[in-house]
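>
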Amino acid sequence: MGDYVSRRSSNSRLPPEVNRILYVRNLPFKITAEELYAIFGKYGAVYQIRLGDRNKDTRGTAFVVYEDIYDAKAAVDHLSGFNVGGRYLVVLYYQPAKFQRRAEAEEKQKELEELRKRINANKSKMSK
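Each residue of the sequence shown is one higher than the one before, starting from 0 at the first, in numbering that gives the first Met the number 0.
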């Protein structure tokens, strides 16, 4: 308890992006959740870890949720650039707005590609 109070008083003004949910990129594709618990658990109590799918675009990524925001800050401070399996980790605070914008941009890109395909199909029909 004393440790928590001392950390809180020394870090009383956290930046607004600090969050207890971390987004981790550039993980080795074969890393397990147990290995991640061992790495991230050194900085505090981990509530949950979600690994990306091995077969999809999300491989090599994970979400790590800490029970305490100060533990999450310590993990970001110490593990960004940490070498795991020959890869350097990228540890960021999860920012839902940024992920939403990225998802919307990808959706618009897909719509644009569909429209281009239709236009090209119509052009080829008209030229015949």
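Here a beta-carbon is modelled for each residue, glycine too, at the ideal position from N, C-alpha and C.
Spatial neighbours of E112 within its chain, please: C-beta separation below 6 Å, excluding the five flanking residues on both sides.
Once the five neighbours on either side are set aside, E112 has no close Cβ partner at all.
> What are the boundary residues of the beta strand (DSSP E) that L150 is part of?
With the chain covering 0 to 127 only, the question about residue 150 has no answer from this structure.
> Please state whether the Cβ-Cβ distance between Y92 and V23 is less than 8 Å.
Not a contact, by the Cβ cut-off of 8 Å.
> Can you list, in chain order, the residues of its chain whose CB lies under 8 Å from that of R58, leaving out five sequence neighbours each side?
Taken in chain order, the residues that qualify are F28, G51, D52.
> Ends of the beta strand (DSSP E) at L91?
Residues 89 to 92.
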